[in-house]
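Colleague: Letter by letter, the sequence shown follows residues 66 to 244 of the working numbering. The beta carbon of each residue, even a glycine, is placed where N, CA and C say it ideally should be. Note that the structure is a prediction, hence the values are computed from the model and not measured. Just passing along the structure, written as structure tokens.
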Amino acid sequence: SNTITISTTTVIDNYVLISGPDTACAGDTLTFTAFPFTGVTSPKYLWYKNNIRIPGPNSQTFKVTGFNTGDSVYCRLTSNNPCKSVDTSKSNTKVLFALPSPTITNVSNQTLCNGDSTVVTDWGSSMSNATFTWTNNKTSIGLPSSGNGNLPKFKAINTGNRKDSATITITPYANGCKG
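Pasting the structure below:
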């Protein structure tokens, strides 16, 4: 007589959930992670943005940059599970909200002579709750290397015999987003 072995396996559907942010600053890179249910074997992750398949590696994590409010992200999972009731499973969908990034207004260059006082700055922004940081690449003009808010009034320094220039970089922030 011959003996045969019959093995049974539980039916495990390819269920998957994704986690990741719903809200972020415009221009941020967002990371989403897929979590297949226990028992899914050799999963392949197919990521979608706005119902369009994203080409590239089929990994458990997906990064997206350049999104808009209303964009959606989800994952479809396939596996070689022989006892699945569906071949492909769609995850939950994340609908994204992009926080606006502030822009700066009322910025103008100043040309001063040695010993002159600067004009008081009064920067504006596209967002009323914006705050500002600034950096100065040349402290020899009489301005500190960095600060918060508008530039403080200061006396220009140039004891040399040629024109000297500094670059002041102003960065606005609002609602946790950098402009």
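Here's a check: name, in chain order, each residue in its chain whose Cβ is nearer than 6 Å to the Cβ of Thr88, leaving out the five neighbours to either side.
Modeller: Closer than 6 Å at Cβ, skipping near neighbours: Phe162.
Colleague: Taking the runs of the beta strand (DSSP E) that are 3 residues or longer, which of them lie wholly in the stretch 147-197?
Modeller: With a minimum length of 3 residues, the continuous beta strand (DSSP E) runs that stay inside the stretch 147-197 are 153-155, 162-164.
Colleague: When the distance is taken between beta carbons, is Thr98 closer than 8 Å to Ile119?
Modeller: No, these two residues do not count as a Cβ contact at 8 Å.
Colleague: Does the distance from the CB of Ile169 to the CB of Trp199 come in under 8 Å?
Modeller: For Ile169 and Trp199, no; Cβs fall outside 8 Å.
Colleague: Which term fits Val138, buried or exposed, when burial requires 16 or more other beta carbons within 10 angstroms of its beta carbon?
Modeller: It counts as buried.
Colleague: Hey, quick one: how far does the beta strand (DSSP E) through Ala239 stretch, first residue to last?
Modeller: Run containing Ala239: 233-239, per the beta strand (DSSP E) assignment.
Colleague: Given that a residue counts as buried once 16 or more other Cβ atoms are within 10 Å of its Cβ, and exposed if not, what is Ile117?
Modeller: Per the 10 Å Cβ criterion, exposed.
Colleague: How would you call Ile206, buried or exposed, if buried means at least 16 neighbouring beta carbons within 10 angstroms?
Modeller: Classification of Ile206: buried, given that the 10 Å Cβ count is 16 or more.
Colleague: When DSSP builds the beta bridges, which residues end up paired with Leu111?
Modeller: In DSSP, Leu111 forms a bridge with Arg141.
Colleague: In three-state DSSP terms, what is Ile206?
Modeller: Three-state DSSP puts Ile206 in a helix.
Colleague: To the nearest whole angstrom, what separates the beta carbons of Leu111 and Cys90, a pair I think is in contact under 8 Å?
Modeller: Their Cβ separation, rounded to whole angstroms, is 27 Å, which puts Leu111 and Cys90 out of contact at 8 Å.
Colleague: Measure the alpha-carbon distance for Cys178 versus Asn223 and round it to whole angstroms.
Modeller: If you take the alpha carbons of Cys178 and Asn223, they lie about 8 Å apart.
Colleague: Give a yes or no on whether the C-beta atoms belonging to Asn202 and Ala231 are separated by under 8 Å.
Modeller: Yes, the pair counts as a contact, with Cβ atoms nearer than the cut-off.
Colleague: Does Pro237 pass the burial test, meaning 16 or more other C-beta atoms within 10 Å, or should it be called exposed?
Modeller: It is buried - the Cβ of Pro237 has at least 16 other Cβ atoms within 10 Å.
Colleague: Out of Thr96, Phe127, Leu95, Asn115, state which residue places its alpha-carbon closest to the alpha-carbon of Lys109.
Modeller: Ranking Thr96, Phe127, Leu95, Asn115 by Cα distance to Lys109 puts Phe127 first.
Colleague: Alpha carbon to alpha carbon, how far is Cys242 from Gly180? Give it in angstroms, no decimals.
Modeller: About 37 Å.
Colleague: Using DSSP with H/G/I as helix, E/B as strand and the rest coil, what is Lys220?
Modeller: Correct three-state label for Lys220: strand.
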